[in-house]
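Asker:
Residue numbers (full-length UniProt numbering): 1 to 168.
1. Kindly confirm or deny that the stretch 130–144 and the stretch 74–88 touch, where touching means at least three C-beta pairs closer than 8 Å.
2. Answer yes if the stretch 82–96 comes into contact with the stretch 117–126, meaning at least three C-beta pairs across the two stretches below 8 Å, and no otherwise.
3. Quick one, are the C-beta atoms of residue 124 and residue 64 less than 7 Å apart?
4. I'd like the span of the alpha helix (DSSP H) that includes residue 111, first residue to last.
5. Between 134, 100 and 128, which lies nearest to residue 111 when the distance is taken from Cα to Cα?
6. Go through its chain and collect everything with a Cβ distance to residue 52's Cβ below 8 Å, but skip five positions before and after it.
7. Assign residue 83 to one of two classes, buried (16 or more other C-beta atoms within 10 Å of its C-beta) or exposed (fewer than that).
8. Which residue's Cα is closest to the Cα of residue 98: 161, 156, 80 and 35?
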């Protein structure tokens, strides 16, 4: 169940984006007896009773507020990392420092085709304001606690590539 809970946000985002289609028929891969997990799946409402899946999460504005309590706006000391194949990404919030940084680094971020994670934002309207500052960039309202802990990050805005963590 723990691995399902870790994967649930990704699955929900994929369902919302239409990358995966929900099916009304569950397929049993393995049954070792015990208590059915069906009530947990029904509570998630992943399988619609009929018709197309309802829009939830990111598409309907149900994912707000997005919070990453481990991170706040502030200075980041650059360093090298070794993460071959990592697509460039940047972490920002809904604050003046992040907005200024985004505007100043927009051309570089566009050239890198970096994906932006908006790690602290209160509403869909505020997220849309940030999105307007970043034409041509993919932005996602996403908590980044796991990334912050794994990379030892306490502050944003920050650009993460396969070789560096930098703010400049």
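Beta carbons are placed, not taken as given, at the ideal position from N, Cα and C, and that holds for glycine.
Answerer: Inspection of the coordinates gives the following:
1. no
2. yes
3. Reading the chain shown from its first residue, position 124 is the one you call residue 124. Reading the chain shown from its first residue, position 64 is the one you call residue 64. Yes, these two residues count as a Cβ contact at 7 Å.
4. By 1-based counting over the chain shown, the position of residue 111 is 111. Run containing residue 111: 96–112, per the alpha helix (DSSP H) assignment.
5. Stepping through the chain shown from its first residue, residue 111 is reached at position 111. Minimum Cα distance to residue 111 is reached at 134.
6. The sequence position of residue 52 within the chain shown is 52, counting from 1. Note that residue 52 scores 49 on pLDDT, short of 50, meaning its location in the model is unreliable; the coordinates nonetheless yield the value given after this. Taken in chain order, the list of residues that qualify is empty.
7. Here residue 83 refers to the residue found at position 83 of the chain shown. Classification for residue 83: exposed.
8. In the chain shown, residue 98 corresponds to position 98, counting from 1. Nearest C-alpha to residue 98: 156.
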